[in-house]
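S.K.: Residue numbers (the numbering used here): 4 to 208.
Ideal placement from N, C-alpha and C gives every residue a C-beta, glycine not left out.
Here it is, the structure in full.
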C-alpha cells in the first residue's frame, strides 16, 4: 500500500504496528525453538500467533484507512464511530468515500441527501427497515451527497464464497476507481474497507 499523506509516517498507530510486528517475530522464533522439544506441542503457540496477527492487521488497516481518507474528508472520527456502532448492532452498511476520481459513471444514483456527515445520520440511514438502508451512501468531502445508490458488482469473491452483495459492490467500485468503501456485514457484524479491489478488516472492539 502507498501511504497518504506523509504526516502519517510518524503516527503512534504506525509505531504500534511496528512494535507488534517485532514482537510477533520474536514469538515465531520462540515457537521454532520450542519445536526442538519433542514433549512440546506448538499448536497453542500457532493459535496465539494467528490471533496476534489478526489484531496487528486490524490496527494496520485503521492506520492506513485514516491515511487514505485524511486528504479527502475531515469526518474520519464520525465514520469510525459509525462503523463501530453499526458493527455492534449488526446493521449492514455500505459507505463510499469519493477521492480523486469522479464516480458518476460507476454509480446508479439514489436519493439526494445533501447533509453534513454525522454518525447519527449515517446510522439512521442504515437502520434496518429504512427505505435507503440497502443501498450505498456516497460521501464527497464532508457531505453525504446521496443514499440508496447502486454500485457495480465484482466477479471476484477473493476466494471467500461467503462474501455477500455489499462486499461484491465494494470490490466492484474499487476495482474501477480510486474510491474507498466501508462495509459492515449484517450477518456477522464484521467491518472492512475496500480499496483497489481488496478488502481489509477493521477493528470493532
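At a Cβ threshold of 8 angstroms, is residue 179 touching chain B?
M.R.: The chain labelled as chain B is not found in the depicted structure, where only one protein chain is given.
S.K.: According to DSSP, residue 114 sits in a beta bridge with which residue or residues?
M.R.: In DSSP, residue 114 forms a bridge with 150.
S.K.: Please list the terminal residues of the continuous beta strand (DSSP E) segment that includes residue 99.
M.R.: Looking at the DSSP string, the run of the beta strand (DSSP E) that includes residue 99 is 96-100.
S.K.: CB-CB under 6 angstroms to residue 75, same chain, minus the five flanking residues each way: which ones, in chain order?
M.R.: Only 102 meet the Cβ criterion.
S.K.: With DSSP collapsed to three states, give me the class of residue 84.
M.R.: The answer is helix: DSSP assigns residue 84 an H, G or I state.
S.K.: Taking the beta carbon of residue 29 as the centre, do at least 16 other beta carbons fall within 10 Å, making it buried, or is it exposed?
M.R.: By the neighbour-count rule (16 or more Cβ atoms within 10 Å), residue 29 is not buried but exposed.
S.K.: Using the Cβ count rule (16 or more neighbours within 10 Å means buried), how would you classify residue 5?
M.R.: Residue placement at residue 5 cannot be trusted, given a pLDDT of 40 that sits under 50; the coordinates are not used to answer.
S.K.: Determine the DSSP secondary structure at residue 2, reduced to helix, strand or coil.
M.R.: In the structure as shown, the chain starts at 4 and stops at 208, and residue 2 therefore has no counterpart that could be examined.
S.K.: Thinking just about the alpha-carbon of each residue, which of 33, 59, 58 is nearest to the one in residue 48?
M.R.: Nearest option by C-alpha distance: 33.
S.K.: When burial is assigned at 16 or more other CB atoms within 10 Å of the CB, is residue 35 buried or exposed?
M.R.: Counting Cβ neighbours within 10 Å, residue 35 comes out exposed, since fewer than 16 surround it.
S.K.: Return the first residue and the last residue of the alpha helix (DSSP H) that residue 69 is part of.
M.R.: Segment 46-72, the alpha helix (DSSP H) holding residue 69.
S.K.: How many whole angstroms separate the CB atoms of residue 187 and residue 173, which I take to be in contact at a CB cut-off of 8 angstroms?
M.R.: In fact, because the Cβ distance is near 11 angstroms, the residues do not count as touching under 8 angstroms.
S.K.: Specify, as a first and last residue, the run of the alpha helix (DSSP H) that residue 195 falls within.
M.R.: Note, residue 195: premise wrong, no alpha helix (DSSP H); beta strand (DSSP E) at 194-198.
S.K.: Based on the DSSP secondary-structure assignment, which residues constitute the bridge partners of residue 183?
M.R.: Beta-bridge pairing links residue 183 to 100, 198.
S.K.: Determine whether the beta carbon atoms of residue 147 and residue 184 lie at a separation below 8 angstroms.
M.R.: Going by C-beta atoms, residue 147 is not nearer than 8 angstroms to residue 184.
S.K.: Only counting the same chain, and skipping five residues up and downstream in sequence, which positions put a Cβ closer than 6 angstroms to that of residue 23?
M.R.: So the list reads 59, once near-sequence residues are dropped.
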